[in-house]
Each structure stands twice: as C-alpha cells, then as structure tokens.
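First up is the structure itself, then whatever we jot down about it.
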Amino acid sequence: MKSLSKGKTWLFAVGQFGWALLSGLIGSWLVSFYLPSAESIAAGQKIFIPQGRVILGFLTVIGGVTALGRIFDAITDPLIASLSDKCKSKSGRRIPFMKWAALPLAVTTVLVFCAPFDADAKSGSWLNSLWVCLTVLAYYFLITMYCTPYTALYSEITHSEKERMLASSAISLTFILGTGIGYLGPAVWGALTPVFGDRVLAIRVTFAAFAVIALLCMYVPVFAIKEKDYVDTVPSQTTMMKSLGMTFRNKSFRVFVGSDIFYWLGLTMFQTGIPYFVTSLIGLPEAFQSMFLVLMTVLSLVFYPGINSVTSKVGKKKMVVAAFVMFTAVFAFTAFTGFGKNGNLVNTPFGAATAGQLVQGLLMIVCGSLPMAIFGILP
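According to this note's numbering, the sequence shown is numbered sequentially starting from 1131.
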C-alpha cells in the first residue's frame, strides 16, 4: 500500500471544506430563513411556513423539522456505514458513495431554501412546511452518504501517526474554513439584494454560488484519491445490527455517545442562535452577523497552535472539560445580553451601534471562539 503524501493529504482535505460549507449553510441559516426575526422581516424577508409554536403547542414547524432531521440522520448513519462496508465496487468501498452523493447533496442544500408555494404574509403555508421537511430529510441522507464514507476513508488511507496527525490538522483547518465561508452569507446577500431587488432571491443566489464551490471541492478527493492504492479493500460480511450490537456493548462508547449528544445539542443551539443573539437580543444591524461569525472563525484559527501546545502538556481530557465549562459560560452570557441600547451611537462599516452593544457582541464571539477551536481540534 502507498503512503499518503502531503499533497494528497491536502487534496483529501478539500472534500471536508466542501461538505462543511454546505453544513454551515444549513446549520447557520435554515432556522433564521424560515423563522425570521422582526429585523429580518423589516429588511425584506418573507414568511414561508407557519410561525410560532403550532405543533402540539410547544414546537415550531422549523424546530420540529430540524429535530426530525437529526433523528433521521442518526438512523441513516449506521445504514450508510454498513452499505459502504459491504460495497464491492472496483473503485473501492468509500469513493463511489462520495462520488454519487456530491451533486445531489449540493442541489438539495439549495432546494431546502426554495419553498415554492405562495404563502400568506402572516401565517405561511403548510405545503411549504412539507417541502422543507422533505428536502431537509433528503439533505441529511445525502450528507450522511458523503460524510460517513469520507470519515471512514480518512482512517483507512492514513497508515502512520505522522500521516494521521497531518490529515487531522488538514481536515480540521478545511472544516473551519468551509464553515467560515458559510458565515459570509449575510454580507454576500446584503450586497446582492439591491441588484436583484429581492432579499429572498439574493439569498438563494448566494447559496447556489456557495453550493457550486462546495460541489467542486467535494469532487476533488473523489478524482484525486485512488482508494485501492492506499487501502486493502475487503468488503465486510457483518450485518448492520450485529455491528451495532458489538459496538454498544462497549460501556465507554455508550458514555461517549451520551456526552456527544449533549455536546452537539448545545453546539447546534449556539450556532443557530447567533443570528438572533446579534439582532434580536443585542439589537445590532444584520451586517454584524457575518462580521462576528467570521471573527470567531479567524480567532479559532489563531488559537489552534496554542491549543496543540497546551494539550501536549495537560492532556486532551482536561482541555475538553475546560472547553465545555467555557462554552457553557458563554452560552449563559447570551441570556443576559440586550442592555446598553440607548447610548451614543458609533458608526462602523457594518452599521451604527452603541458601545454597550459592541462590547456584548465582541465578548460573546471572542470568548466563544476558544472553546469552539478546542472542539474543532480535539474531539
């Protein structure tokens, strides 16, 4: 078997940039697109689906769709993993799945934001709700179809600790860069809105352009990596249920899965909530969303070298626990934001704001970037 060169490692990591960009669009903007704040509506955002807690009196439509998507994702993960393990393609067990998932994944990500039916300006449309539900489920199935084999391939094509460290660093970097590009959405559609005269159309054009970039990146490892040059491919004969049973008999794995669920729950709530924290709570103009999110990405990259250095001295467990504590504190801080809106306005390239508003936003982002960086490297 060949060793993975540095050049091939980075070509492999480009695929992570692609799917991270698409994941960033869904994770950061799905909820705010279909459950817009008053500030977004005033800026021209339309209402497509019923608003408020209309499902069983405590769930929003988009909240229910997102929760269903996550459950569906958890179900399809082992299914795709099992199918990939058993694949007998001449191209290997992983690359074929990535190849066929990339294009429909990119297209479906855009379609999620293209609810087609006319909707009441106040109440929205249940037909659009069905559209969003089906496209979100398709998105989760397709991203699983790409990411699960991609992640498995990472562990199979790296044969030494040196190769694994380089690949881990490369995919961590491309993941945060891909997510960071997705954060630029408001800046791009803000510039395009005057051109098209329609905010929603500008958002869809922005996401379509990002999806094209993501698609090209996801195809890079598909055509640059010949799987069988690095992996002695032997299709698995173990059934999915037997494999799951063997895995969950491991007590340490069960503990890890439990903690991982709460980790992703908190992280998703924080990332999804940032647009609302910035505009609805702190009261800043929408343009600050992109600025703060990009700043968080840049600071996370700045922290990377220091995190690796400290981790080598204190160990991964202490670093992750410290990151959980910091992240919890930052999340709790968001509940107390919103003061200082009546001070003197300061003009910035992103709009006018008071000093109190700027301090709150910067504290949230600067303090949140360190635990986010730790999560990006260590788990």
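We put the beta carbon where it would ideally sit given N, CA and C, even for glycine.
When the distance is taken between beta carbons, is residue j closer than 8 Å to residue i?
i, j, result
"GLN1175", "ARG1329", "yes"
"THR1239", "ALA1354", "no"
"VAL1560", "ILE1156", "Here the chain comprises residues numbered 1131 to 1509, so residue 1560 is not present and cannot be evaluated."
"GLY1315", "TRP1159", "yes"
"MET1318", "THR1336", "Per the sequence shown, the amino acid found at residue 1318 is Val instead of Met. Going by C-beta atoms, VAL1318 is nearer than 8 Å to THR1336."
"VAL1191", "SER1259", "yes"
"LEU1423", "GLN1487", "no"
"ILE1301", "ALA1143", "yes"
"ILE1507", "ILE1437", "yes"
"ARG1224", "ALA1282", "yes"
"ILE1504", "VAL1450", "yes"
"GLN1146", "THR1363", "no"
"LEU1151", "GLY1312", "yes"
"ALA1231", "TYR1276", "yes"
"PRO1166", "ILE1179", "no"
"VAL1352", "LYS1229", "yes"
"PHE1407", "MET1494", "yes"
"GLU1286", "VAL1361", "yes"
"ILE1210", "THR1309", "no"
"PRO1246", "TRP1256", "no"
"LEU1475", "THR1464", "no"
"SER1439", "MET1502", "no"
"GLY1199", "ILE1185", "no"
"ALA1332", "LEU1322", "yes"
"GLN1419", "PRO1435", "no"
Would DSSP call residue i helix, strand or coil?
i, result
"GLY1481", "strand"
"VAL1408", "helix"
"ILE1504", "helix"
"CYS1217", "coil"
"VAL1325", "helix"
"GLY1174", "coil"
"ASP1362", "coil"
"ASP1248", "coil"
"ARG1379", "coil"
"ILE1306", "helix"
"GLY1388", "helix"
"SER1299", "helix"
"GLY1491", "helix"
"ILE1210", "helix"
"SER1259", "helix"
"ILE1520", "As shown, the chain starts at 1131 and ends at 1509. That puts residue 1520 outside it, with no answer to give."
"LYS1132", "coil"
"SER1285", "helix"
"SER1167", "coil"
Relative to the C-alpha of residue i, which candidate in the options has its C-alpha closest?
i, options, result
"LEU1500", "GLY1445, MET1426, LEU1303", "MET1426"
"LYS1136", "GLU1293, GLY1468, LEU1414", "GLU1293"
"GLN1401", "LEU1429, PHE1469, PHE1461", "PHE1461"
"ASN1472", "ALA1482, THR1464, THR1478", "ALA1482"
"ILE1201", "SER1221, TYR1270, PHE1392", "TYR1270"
"ALA1417", "VAL1361, PHE1480, VAL1496, GLU1357", "PHE1480"
"GLY1468", "VAL1476, VAL1455, GLY1491", "GLY1491"
"THR1196", "THR1398, LYS1446, MET1421, GLY1498", "THR1398"
"GLY1498", "THR1478, VAL1489, ALA1459, LEU1345", "ALA1459"
"ILE1141", "ALA1204, ASP1203, TYR1280", "It is worth fixing the name first, because residue 1141 is Leu in this sequence and not Ile. If we check each option's Cα against that of LEU1141, TYR1280 comes out closest."
Where DSSP assigns a beta bridge to residue i, which residues make up the other side?
i, result
"ILE1273", "Paired residues: none, contrary to the question."
"LEU1475", "THR1484"
"LEU1189", "ILE1185"
Quick check on the DSSP output: the alpha helix (DSSP H) that includes residue i runs from which residue to which?
i, result
"ALA1143", "1136-1164"
"LEU1314", "Taken as a continuous stretch (DSSP letters only), LEU1314 belongs to no alpha helix (DSSP H), as it is neither H nor E."
"GLN1419", "1417-1444"
"VAL1237", "1225-1241"
Could you tell me if the beta carbon of residue i falls within a distance shorter than 7 Å of some heavy atom in the ligand NAD?
i, result
"GLY1194", "No copy of the ligand NAD appears in this structure; indeed no ligand is present at all."
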